[in-house]
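First up is the structure itself, then whatever we jot down about it.
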Amino acid sequence: SLVPRSAYYSELLGRTQLAGQQIDGAIASLEQAITLAPAETARLAFTIGALRERQDKPVEARASYEREATADTSAIPPRLALARVHLRADRLDDAKRRLDEVRPRVPAEGGEHAVFAQLDARVAALEAEREAKRRAEAERAVVAMRDQILGSSPILALLNGMGRDSSASIWG
């Protein structure tokens, strides 16, 4: 296999492999370019993260985006990408943190606001889903407790059953 000795040619090879849909080869070449030119980490790590997302490898994608965010502390795109990856993994707190760290730095007319709207809607939907699950679990716990209490007392069980079946009522 061809392994270029300069970052430029490693990146060029990676982009050529990407054009040919050779995703794994492209990632390996871009990683080689980062090794050869660490100053290019931020720019190339984002591309690697996006490729990992295309491969449905969220853990690896997150690592690449984190790498870029660390290399370029002012970059907004990796933080938005991290928010998206966190949301897909139902890590709401991490997603919110990433959104909140870049929101004040985005100009009002920036296209990122559409991304914020989408991510905020997804956060709200996941929060609503979590709340519904929490309520359902609480309701199941109450019903289980009630059934346990009623099951332990024959008199309570008899009285509870009367409300459900009018033929068993002592009144009718």
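In our numbering, the protein residues as written are 16 to 187. For glycine and all other residues, C-beta sits at the position ideal for the given N, C-alpha and C. Keep in mind the model is a prediction, meaning the values are calculated, not measured.
Residue i versus the options, residue with shortest Cα-Cα distance
{"i": "A48", "options": "E26, Q36, I38, T62", "result": "E26"}
{"i": "A76", "options": "E144, I42, A65", "result": "A65"}
{"i": "K111", "options": "R20, P92, P93, L134", "result": "L134"}
{"i": "E83", "options": "Q70, E142, L59, A132", "result": "L59"}
{"i": "K72", "options": "P92, L51, I38", "result": "I38"}
{"i": "A54", "options": "T31, R67, D87, E68", "result": "D87"}
Residue i (DSSP reduced to helix, strand or coil)
{"i": "I164", "result": "helix"}
{"i": "G35", "result": "coil"}
{"i": "R20", "result": "coil"}
{"i": "K148", "result": "helix"}
{"i": "V138", "result": "helix"}
{"i": "Q70", "result": "coil"}
{"i": "A104", "result": "coil"}
{"i": "S25", "result": "helix"}
{"i": "P122", "result": "coil"}
Beta carbon of residue i nearer than 8 Å to that of residue j
{"i": "S44", "j": "I63", "result": "no"}
{"i": "L107", "j": "V74", "result": "no"}
{"i": "R113", "j": "H101", "result": "yes"}
{"i": "L141", "j": "D105", "result": "yes"}
Exposure of residue i, with buried meaning 16 or more beta-carbon neighbours within 10 Å
{"i": "I42", "result": "buried"}
{"i": "T56", "result": "buried"}
{"i": "V117", "result": "buried"}
Residue range of the alpha helix (DSSP H) that includes residue i
{"i": "D115", "result": "107–117"}
{"i": "P53", "result": "From DSSP, P53 is part of no alpha helix (DSSP H); its letter is neither H nor E."}
{"i": "T85", "result": "73–86"}
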